[in-house]
Amino acid sequence: MMALWGSIALLTLIAVAVVFWPLLSASRRTRNARTDQAEDRQHQNIEIYRERLAELEEERVAGTLDDENFEVLKLELERNLLIDAEQPVEELKHPRPSGAQLVTVVLLALLVPVASLGLYQTLGSAPDLEVAMNPPKAPATLEEAIAQLEQELERHPENAEGWYLLANTYVNQGRFDEGISAFNKVLEVLPAEAPQVAGVHGQIAQALYFRDGGKMSDEVRKQIDLTLSMDPGDMAALGILGIDAYETGDYRQAIEYWSRALPGATGDAAQSLRSGIEQAKQQLVAAGEPVPEMPAVKGAVINVSVDIADELKAKVSPDQVLFIYARPVGGRMPLAAVRRKASELPIEVELNDSMAMMPGAELSSVGEVEIGARISNSGQAIAAPGDLIGSLSPVAVSSDAQSVKLVIDRVVE
1 MMALWGSIAL LTLIAVAVVF WPLLSASRRT RNARTDQAED RQHQNIEIYR ERLAELEEER
61 VAGTLDDENF EVLKLELERN LLIDAEQPVE ELKHPRPSGA QLVTVVLLAL LVPVASLGLY
121 QTLGSAPDLE VAMNPPKAPA TLEEAIAQLE QELERHPENA EGWYLLANTY VNQGRFDEGI
181 SAFNKVLEVL PAEAPQVAGV HGQIAQALYF RDGGKMSDEV RKQIDLTLSM DPGDMAALGI
241 LGIDAYETGD YRQAIEYWSR ALPGATGDAA QSLRSGIEQA KQQLVAAGEP VPEMPAVKGA
301 VINVSVDIAD ELKAKVSPDQ VLFIYARPVG GRMPLAAVRR KASELPIEVE LNDSMAMMPG
361 AELSSVGEVE IGARISNSGQ AIAAPGDLIG SLSPVAVSSD AQSVKLVIDR VVE
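Per my numbering: the sequence shown = residues 1 to 413.
Structure, rendered in structure tokens:
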């Protein structure tokens with residue numbers, strides 16, 4: 001059982017980006033403008049980073065790249081980004097921290113783990129992908145990045161964003177007391193009425209819970225109560241309550257807490273919460289108790305029926321991998337995706353907001369999408385010659401669930 005709460009607890013950390021993203025954006029807007037040259041170079045570096053990260057994300061969501069390899073490759077990209085950014089740039093009058101220091105802060109945000117250790121995960125393997133990457137000649141270490149951020153905060157202790165990123169980095173290293181102290185620094189800097197305050201208290205509750213070995217102490221309970229009084233849907237607080245309920249055998253209550261956390265969850269966090277709920281349901285069934293129904297998924301929902309053209313059926317093997325996805329029209333990174341077996345065709349699946357791979361990249365974030373399906377010979381998320389594909393575009397996205405039919409009808413050349 002401890003494996004369950006450990007897995008779910010790790011995933012609640014993913015809520016960091018959702019809970020505190022408004023603060024990160026607001027903090028950036030308060031900084032003085034940099035020169036056009038600095039902005040252009042940084043934007044180019046970040047764009048390259050995002051494109052490469054998107055490819056890795058596609059591999060991970062498809063199950064062909066496991067969490068360990070994803071983190072290794074992602075760290076290499078982040079180190080490249082840091083090295084590029086550490087070259088000196090000119091600042092305008094009244095400069096704030098240098099470009100390198102600011103990128104260090106961004107790096108620490110990126111180093112907060114986003115890979116899922118959820119119970120649902122189907123592990124893959126891509127060791128050759130790591131070899132194909134070009135590692136930097138002089139990689140910066142996480143310890144160096146932390147030290148730079150600590151120095152930056154000594155000079156600018158009013159930087160709430162920096163304290164928050166440092167706090168989460170400490171927590172992910174198991175340095176819980178230091179993390180809690182840094183979270184308290186955030187609360188000292190933030191206005192009491194700031195909407196991010198609730199999320200910070202939720203993160204403090206989570207850090208306390210981890211520090212105490214998964215015990216619901218009075219201190220943890222106090223932070224949770226404070227969090228939920230300000231934000232009844234806080235994912236971290238509800239996640240902890242659900243974990244504690246499950247560990248004490250109160251499976252119905254665990255389902256209730258995790259179901260309340262679902263609307264604010266995306267991607268792997270949502271999938272792991274659903275897996276936890278399913279485990280709790282199985283416990284109720286085993287005990288002969290009634291099982292509560294899951295709440296309806298909120299946001300955009302597209303039901304996709306997929307079949308294959310008769311002339312291509314002879315090319316399909318039962319063990320081949322079937323990817324079904326929705327992505328922005330003209331875009332590359334999926335907004336929602338599922339991985340199945342070709343033997344399941346014809347099949348109907350649901351694509352919805354809970355499958356988002358990152359905050360702000362849900363189905364409902366766009367007006368139209370391309371729906372695609374591909375049978376992969378290699379099992380890789382990237383299309384290759386010989387794969388069988390089909391697509392529909394554009395498909396309108398709305399809050400009302402809709403259904404579309406897709407036929408896999410051509411071969412990738």
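Note that the Cβ used here is the ideal one computed from N, Cα and C, for glycine as well.
The model shown is predicted, which means the values in this text are computed figures rather than measured ones.
query                                                                                                                 : result
Anticipated Cβ contact below 8 Å, A396 with N352, distance rounded                                                    : About 15 Å; that fails the 8 Å criterion.
Cβ-based burial, V114 [other Cβ within 10 Å; buried from 16]                                                          : Reliability of the predicted coordinates at V114 is poor, the pLDDT of 34 falling under 50, and the value obtained from them is presented with this limitation in mind. V114 is buried by the Cβ-count criterion.
Cα-Cα separation between G163 and T227, rounded to whole angstroms                                                    : What sits at residue 163 in the sequence shown is Trp, not Gly. Near 19 Å, if we compare the C-alpha coordinates of T227 and W163.
Selected residue, minimal CA-CA separation from T169, among P290, R221, E143, V285                                    : E143
Top-ranked residue by Cα proximity to N377, from I324, L241, L388                                                     : L388
In DSSP terms, what V369 is bridged to                                                                                : P328, V395
Sheet register partners of L322 (DSSP bridge)                                                                         : R340, I375
Counted within 10 angstroms of its Cβ, other Cβ atoms place N159 as buried (16 or more) or exposed                    : buried
Inter-residue spacing [alpha-carbon to alpha-carbon] between G202 and L208                                            : 10 Å
Burial state of E344 (16 or more Cβ within 10 Å)                                                                      : exposed
Residues of its chain near P346, where Cβ-Cβ distance is below 6 Å and the 5 sequence neighbours each way are ignored : D307
8 Å Cβ cutoff met for A205 and V220                                                                                   : yes
From V338, R339, N303, L190, residue whose alpha carbon lies closest to that of L406                                  : N303
Distance, G372 Cα to V316 Cα                                                                                          : 17 Å
Cα-Cα separation between L56 and R332, rounded to whole angstroms                                                     : 12 Å
Local conformation of V407 per DSSP, three classes                                                                    : strand
CA-to-CA distance, L190 to A361, given in whole angstroms                                                             : 27 Å
8 Å contact criterion, which A383 and V338 should meet: CB distance rounded                                           : That pair is no contact at about 17 Å.
Which of helix, strand or coil DSSP assigns to E350                                                                   : strand
Inter-residue Cα distance where the pair is Y251 and I324                                                             : 33 Å
Option nearest Q283 by Cα separation, candidates T248, V366, D319                                                     : T248
R260 burial status per 10 Å Cβ neighbour count (16 or more: buried)                                                   : buried
Environment of G199 [buried if 16+ CB atoms lie within 10 Å]                                                          : buried
Residue environment, E289, which counts as buried when at least 16 other CB atoms sit within 10 Å                     : exposed
Pair within 8 Å by beta-carbon distance, G379 and V321                                                                : yes
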